[in-house]
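Chemist: Here it is, the structure in full.
In full-length UniProt numbering, the protein residues as written are 1 to 580.
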């Protein structure tokens, strides 16, 4: 009974796949291009907004500095006035009454810029909490009790300008500076300028963007242009991390949204200024554009879906014919595909299929023969392997015989050789061993070499004891020791010395193998070392070790060679500190 082999109705048709692929490719392309455009444009807009925020911060800081300088100018204006100075100097006998002094203060005050712009409510000069002079913009604009409380909070030895707030007068900022005698340098009075906080906020609020806010704060005061944003401002100030910089620019999440935040410390005023702008405000118009783009995308995908159905029908019609012919071959009614001339590609496919049928029997025969040869090779390889337990038992027997005949050198040599062979077997199962085990293998190997060369070679092994429990690749030091002996010390005339040193660094260990052998005339490039018929005269072991270390730990583990001809050669590499 013939069975059609080339029809599976459970799977989707090629026509469906072509339609879906064309539609998906176009849709994905348009979506990706839209995402790219959105991301790129958003990044540009955000960067521009960040620059605008930084520019606004710079302008705010200039305004703050300028206003503080203007207020400090008022201080200087009052202090430099002869009438006021003589009234507060204890060494000057001045008979002017308080009213004359306050008139002079008012006269000076009304001629200042800050007074004209209604920034200043009044000025108090205190010689003591109960002795003071007052100039105001009108009755009730200055709270004497609040000024007296501010006076009590200021040290009389502080020469700096202080900015204070008082809970009883939340709409007033107090700019305070101590006055010292020009004769003795001692404290004589304190001048307190009462500044209208709301007028100051209105000045900062002019010209900033919608939903932006400016926040000035220190441990004692906070000044914000939008009182509703105070919780967000407090949250942002708690997340500021200036590190070693005085200027900060970052996106900070606060109050459920992200703010582009610029901040700068003002050390002269012991304050921090912050300008914050909502990040989503920048993307509002871009999001509207994206919604329009998605609507256009849906229309385009629908049109492409219709066109792809038409194209897929035209492409798959000759495939249906080929499936029909292949089913005939599967049923045994035909042994070859007829020419398919609708498209040259399908005709080439038919020729290739017929050629495959011709070669199929030969392929099966060749493959079967290869399988038999491989099976025979595996059997021979298994037969040729020696049981390692038999080898260890034999070496132990030889060691026992040497010990029984009182030959300690042969006993120790056999034990060392057995340990090296055992380590070689273990290394096939474990990539890394403890450093103390690796150094023990090195000691076994150098012991055997010292027995061979007798007094010609001396070996010294130094290792930080805190590194002994860390893991290193198995047989990562022994090849370097072998290279030093074979290529450095063995050709050397006279005695030679080999030093293995393991040094601990902050986050890694460094292993150095040094000898005073013949050295290198030209230090080789380890990566270019190639095996030769006489490997005893090459450094192929270095290349293999270097490659193994690089694959395990990357660039840091590459071998480094330094050599002075006939003086000293050192090969070193670094490994990370691995416990498990």
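Note that beta-carbon positions come from the ideal geometry of N, C-alpha and C, so glycine has one too.
Does the contact criterion of 3 or more C-beta pairs under 8 Å hold for the segment 442-450 versus the segment 474-494?
Modeler: yes
Chemist: Taking the DSSP output, what are the residues bridged to residue 278?
Modeler: 259
Chemist: Just tell me which of 168, 73, 347 and 525 has its CA closest to the CA of residue 161.
Modeler: Ranking the options by Cα distance to residue 161, first place goes to 73.
Chemist: Would you decide whether residue 474 is buried or exposed? Buried here means 16 or more other CB atoms lie within 10 Å of its CB.
Modeler: buried
Chemist: Taking only the alpha-carbon atoms, compute the straight-line gap between residue 516 and residue 566 and give it to the nearest angstrom.
Modeler: 7 Å
Chemist: Work out the CA separation of residue 81 and residue 183 for me, nearest whole Å.
Modeler: 15 Å
Chemist: State yes or no: is the C-beta of residue 502 within less than 8 Å of the C-beta of residue 549?
Modeler: no
Chemist: So residue 579 is in the beta strand (DSSP E); what residue range does that whole segment cover?
Modeler: Secondary structure note for residue 579: it is in no beta strand (DSSP E), with a DSSP letter that is neither H nor E.
Chemist: Quick one: what does DSSP say residue 561 is sitting in, helix, strand or coil?
Modeler: strand
Chemist: Under the assumption that residue 529 contacts residue 572 (Cβ atoms under 8 Å), give the Cβ distance between them as a whole number of angstroms.
Modeler: At roughly 17 Å, the Cβ-Cβ gap does not stay under 8 Å, so residue 529 and residue 572 are not in contact.
Chemist: Would you decide whether residue 113 is buried or exposed? Buried here means 16 or more other CB atoms lie within 10 Å of its CB.
Modeler: exposed
Chemist: For residue 20 and residue 33, what's the separation of their Cα atoms in angstroms?
Modeler: 19 Å
Chemist: Which residues in the same chain as residue 56 place their Cβ atom closer than 7 Å to its Cβ, once the five residues preceding and following it in sequence are excluded?
Modeler: 208 and 275
Chemist: What is the DSSP secondary structure of residue 117, reduced to helix, strand or coil?
Modeler: coil
Chemist: In terms of alpha-carbon separation, which member of 315, 84, 158 and 578 lies closest to residue 504?
Modeler: 578
Chemist: Would you give the residue range spanned by the alpha helix (DSSP H) that residue 173 belongs to?
Modeler: Premise fails: residue 173 lies in the beta strand (DSSP E), 169-180, not in any alpha helix (DSSP H).
Chemist: Taking the beta strand (DSSP E) that residue 247 falls in, what are its first and last residues?
Modeler: 247-254
Chemist: Alpha carbon to alpha carbon, how far is residue 455 from residue 562? Give it in angstroms, no decimals.
Modeler: 26 Å
Chemist: Name, in chain order, the residues that DSSP records as bridge partners for residue 54.
Modeler: Answer by DSSP bridge pairing: none, since residue 54 is not bridged.
Chemist: Would you tell me roughly how many angstroms separate the C-alpha atoms of residue 390 and residue 357, rounded to the nearest one?
Modeler: Bear in mind that a pLDDT of 49 at residue 390, under 50, signals an unreliable position, so the number given afterwards is only what the model happens to contain. So the two alpha carbons sit approximately 54 Å from each other.
Chemist: Confirm, please, whether the CB-CB distance from residue 489 to residue 457 is below 8 Å.
Modeler: yes
Chemist: Tell me the rounded alpha-carbon separation between residue 64 and residue 203.
Modeler: 10 Å
Chemist: Any contact between the segment 188-198 and the segment 116-130? By contact I mean 3 or more CB pairs, one from each, below 8 Å.
Modeler: yes
Chemist: Consult DSSP for residue 550 and reduce its assignment to one of helix, strand or coil.
Modeler: helix
Chemist: Quick test of your reading: residue 279 and residue 235, contact by CB under 8 Å. State the CB separation rounded to the nearest angstrom.
Modeler: 15 Å between Cβ atoms; not a contact.
Chemist: Is the beta carbon of residue 608 less than 8 Å from the beta carbon of residue 23?
Modeler: Since the first and last residues shown for the chain are 1 and 580, residue 608 lies out of range.
Chemist: So, helix, strand or coil for residue 230, using DSSP?
Modeler: helix
Chemist: Look at residue 75 and residue 191 and say whether their C-beta atoms are less than 8 Å apart.
Modeler: yes
Chemist: For residue 580, which residues from the same chain have a beta carbon less than 8 Å from its beta carbon, with the 5 sequence-adjacent residues on both sides left out?
Modeler: 471
Chemist: With a threshold of 16 other CB atoms inside 10 Å of the CB of residue 67, please say whether the residue is buried or exposed.
Modeler: buried
Chemist: Terminal residues of the continuous alpha helix (DSSP H) containing residue 474?
Modeler: From DSSP, residue 474 is part of no alpha helix (DSSP H); its letter is neither H nor E.
Chemist: Considering only residues of the same chain and omitting the five flanking positions on each side of residue 152, which have a CB-CB separation below 6 Å?
Modeler: Nothing listed; no residue qualifies.
Chemist: Determine contact between the segment 301-319 and the segment 247-263, defined as no fewer than three beta-carbon pairs at a distance below 8 Å.
Modeler: no
Chemist: Between which two residues does the alpha helix (DSSP H) harbouring residue 292 extend?
Modeler: 284-330
Chemist: Residues bridged to residue 462 by DSSP?
Modeler: Answer is 501.
Chemist: Go to residue 514, then tell me how far its beta strand (DSSP E) extends in each direction, as first and last residue.
Modeler: 508-515
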